[in-house]
Amino acid sequence: MLSPRSEFQSRVAYYRRHKEFNPRLVEDVAEQAREHGFEYIVSCVSEEAKELHYKSRAVGCEIHRAHSFLRFQEKGDALVAKGDFEHDIVDLVLDHFMMRFPRKKIVLLTDGKAYVGERRIVSLDDPAKYALERTSQSRLAEPDWEAYYDSQYIEARRNRKLAMRHVPKKLWKQFGMKEGVKLDQGLITAKLSSFI
Amino acid sequence: MNTVEKISLLGGAAKYDVCASTSCSPDAVKRSHRPLVETEDSRQRTGDLAGGGICHSFTPDGRCVSLFKVLMTNSCTGDCKYCINNCDSDTRRAAFEPQELTDAFMSFYHRNYVEGLFLSSAVCGTADFTEEKMVEIVEKLRVKENFQGYIHLKVMPGTNRDLIKRATELANRVSLNLEAPNRVRFQEITSTKDFGIDMLRRMRWIQGELPDHSSGQTTQFVVGACGESDVEILSTVNDLYKKIEVRRSYFSAFLPVAGTPLESAPRAPLVRENRLYQCDFLMRKYGFEFNELVFNESGLLDLSVDPKVAYALNNKDCFPLDVNEAPYEELVRTPGIGPQSAMRIISTRKTGFTFTRPEELKNLGVVLKRARQFVVIGGSRQSSLSEFSQNALAAQ
Chain A
0 MLSPRSEFQS RVAYYRRHKE FNPRLVEDVA EQAREHGFEY IVSCVSEEAK ELHYKSRAVG
60 CEIHRAHSFL RFQEKGDALV AKGDFEHDIV DLVLDHFMMR FPRKKIVLLT DGKAYVGERR
120 IVSLDDPAKY ALERTSQSRL AEPDWEAYYD SQYIEARRNR KLAMRHVPKK LWKQFGMKEG
180 VKLDQGLITA KLSSFI
Chain B
0 MNTVEKISLL GGAAKYDVCA STSCSPDAVK RSHRPLVETE DSRQRTGDLA GGGICHSFTP
60 DGRCVSLFKV LMTNSCTGDC KYCINNCDSD TRRAAFEPQE LTDAFMSFYH RNYVEGLFLS
120 SAVCGTADFT EEKMVEIVEK LRVKENFQGY IHLKVMPGTN RDLIKRATEL ANRVSLNLEA
180 PNRVRFQEIT STKDFGIDML RRMRWIQGEL PDHSSGQTTQ FVVGACGESD VEILSTVNDL
240 YKKIEVRRSY FSAFLPVAGT PLESAPRAPL VRENRLYQCD FLMRKYGFEF NELVFNESGL
300 LDLSVDPKVA YALNNKDCFP LDVNEAPYEE LVRTPGIGPQ SAMRIISTRK TGFTFTRPEE
360 LKNLGVVLKR ARQFVVIGGS RQSSLSEFSQ NALAAQ
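Chains A and B, in that order, give the protein sequences. Going by numbering that gives the first Met the number 0, the residue at position 187 of the first sequence is 186; the numbering climbs one at a time, nothing skipped. Going by numbering that gives the first Met the number 0, the residue at position 378 of the second sequence is 377; the numbering climbs one at a time, nothing skipped.
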């Protein structure tokens, strides 16, 4: 577990990437931390501390989802993925995958730009060079993944509500998640490719 | 049979295994940036560990797809009565070639479909033969593919100690599924394995061989397949945590599978699995002792009451607690207050702050709906404990 000071720093660092970042909030919580200590902020006692917590958590959540749901397509020595982000997190996401695949060039297509990460350096490139093939966007058209995904379902444990809570509808578009189609329509026995 | 068909068959055969957590300690994550197997150029490695459990997809049953969970083969010499792969079953059989499996896994990993590999198997021939083949696959991944990410490897019951040592060196986590809580129950579901020799002794060997980088060993129980009680399961779990340092126990409610000797047996309620997990967390994370858990005269947990609420109702003299004075050990035993909220309450009190309103506790993550009846805030009780206890009993 992080110390209250580190936790505070981490929350501020994430909050700075929030789409509604307001430096005034940081000043306010810093003032409260000076007066009551970092525990006061980390424990969300005040309304400002609570706002900092929720907004930094929203950024952390989006990073976590990007790590989970971005899907790559191999194009030569590059791994290319497409995703839309609410907050300013592209470099953090790229960094995660650069660490994971140091031999590869990581390309993230977002907001009409191509962010390229290679050997821990991030640059911009022409997105047309990395256009994804249609099959990659319809990732469940990939037969090996479809076979595996279908094999993991246990009919007797069906709990669509729980699945929908984990993968809310807005993510389906954000990360091109075609599993959503199956969850939405509840047609468990249908093949995923029939919806693509 | 082609690779896609094998993925479907052998992936499906592994779906009941629930040891699929990938969460590693921050230390393990840092260590993952140093290669497990030394090579000349560390930039050649692929993969790393992630701190939080990352789920890459969710199936319509609400379970996450995190690892590539697959059997190396489903050809089995065992006769486990609950299992579709038992030797008497007429299910279709298949086996992955080592290269075929590593290629399939690396392809999923590169596309970010999975966070790691969970490799299990049926016992094909002998335990040693099977384990050797599985170790060969993991070696291929670690050395040839230079894969440094998460691998969970099953240890076959009855495997020799040298292979267990190699398995623990190569995998981040290993596990051996006990399936039943004791020898008597175990004999009811299989005659081809010995509970003491093939299972417990191997778990002790694993404990003895675990290297520093390991995330430990885990185990799994099939709940309700052999008429065992919750007391039997949880007392075994408690012993495993204390004596063999098992990191986690998993529970899988028994579901009868067509084509097995237990196909007409009643299925175990999922809520029982849930209650067992709750008790497991109380023992591992909340500091509860086994003898603090509340069972009925048949040794079963009350499925209609949360085990922590059952504890509180059984210890009414300990409640309500004053949140401005209670120590951590008492706070964490209060329904609605978890370890993190209890820590936050203590930290906040250290700043000189005094809680006067329930909303202040809510901000710290306390679930007021559950905690309200058991705490005193600012000198006043939030509602009557006896009233709550009557409601809980009425609900039963």
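In this text, a Cβ means the ideal position worked out from N, Cα and C, and glycines have one as well.
Per DSSP, the continuous alpha helix (DSSP H) segment holding H165/A begins and ends at 159-165. Between L175/B and R201/B, the gap from beta carbon to beta carbon is short of 8 angstroms.
Here the alpha carbon of I105/A sits roughly 16 angstroms from the alpha carbon of M105/B. Close partners of S213/B in chain A (Cβ separation under 7 angstroms) are lacking, with about 21 angstroms as the shortest Cβ gap. When DSSP states are grouped into helix, strand and coil, T353/B belongs to the coil group. Its chain contains K81, G82, D83, F84, V89 as the residues whose beta carbon lies nearer than 8 angstroms to that of T109/A, once the 5 sequence neighbours on both sides are disregarded; these appear in chain order.
Assignment of beta-bridge partners to Q43/B by DSSP yields no partner. Under a criterion of Cβ atoms nearer than 7 angstroms, the residues of chain A adjacent to R44/B are, in order, P101. Closest option to N111/B, judged by alpha-carbon separation, among L1/A, R70/A, Y148/A, L51/A: R70/A.
Per DSSP, I336/B is not a residue of any beta strand (DSSP E), being assigned neither H nor E.
By the beta-carbon neighbour count (other beta carbons within 10 angstroms, threshold 16), Q216/B is buried. The beta carbon of S88/B sits closer than 7 angstroms to the beta carbons of G258, T259 from its chain, once the five residues preceding and following it are set aside; these are given in chain order. Excluding the 5 residues flanking it on each side, D78/B has same chain C-beta neighbours closer than 7 angstroms at N85, C86, D87, T189, S190, T191, in chain order. Taken atom to atom, the span from the alpha-carbon of R266/B to that of D149/A is near 23 angstroms. With respect to E114/B, A13/B sits apart: the two C-beta atoms are not nearer than 8 angstroms. Neighbourhood of D110/A in chain B, by CB distance below 7 angstroms: empty, with the nearest CB roughly 20 angstroms away. By the CB criterion at 8 angstroms, L292/B and C278/B fall inside the cutoff. Exclusion of the five residues before and after E117/A leaves K104 as the residues of its chain whose Cβ lies within less than 6 angstroms of its Cβ. Rounded to the nearest whole angstrom, the C-alpha separation of V44/A and A341/B is 14 angstroms. Our two residues, S213/B and R283/B, have alpha carbons roughly 19 angstroms apart in a direct line. C63/B reaches chain A at H165, counting residues in chain order whose Cβ is nearer than 8 angstroms. Restricting attention to C82/B, Y15/B, V366/B, Y249/B, the CA atom closest to the CA of V331/B is found in V366/B. Among the residues of chain B, those whose CB is under 7 angstroms from the CB of G36/A are T350, following chain order. For L169/B, the CB contacts under 6 angstroms within the same chain, skipping 5 residues up- and downstream, are V137, R141 in chain order. By the CB criterion at 8 angstroms, G157/B and A121/B fall outside the cutoff. Under the three-state reduction of DSSP output, K54/A falls in the helix class. Contact annotation: in the segment 48-60 of chain A, residues whose CB is within less than 7 angstroms of a CB in chain B are K49. Comparing alpha carbon positions, the residue from A29/A, E26/A, I62/A, S42/A closest to S2/A is S42/A. Using a CB distance cut-off of 8 angstroms, C225/B does not count as an interface residue toward chain A. Against chain B, the beta carbon of L69/A has neighbours under 7 angstroms at N111, listed in chain order. Any Cβ of chain A closer than 8 angstroms to the Cβ of R343/B would place that residue at the interface, and such an atom is present. Per the Cβ contact rule, the segment 333-351 of chain B is in contact with the segment 30-42 of chain A (3 or more Cβ pairs under 8 angstroms).
Going by DSSP, A170/B is part of no alpha helix (DSSP H) at all; its letter is neither H nor E. Taking a beta-carbon distance threshold of 8 angstroms, I336/B does not count as an interface residue toward chain A.
Among the residues facing chain A, V3/B is included, as its CB has a counterpart in that chain under 8 angstroms away.
For T259/B, the secondary structure class from DSSP, reduced to helix, strand or coil, is coil.
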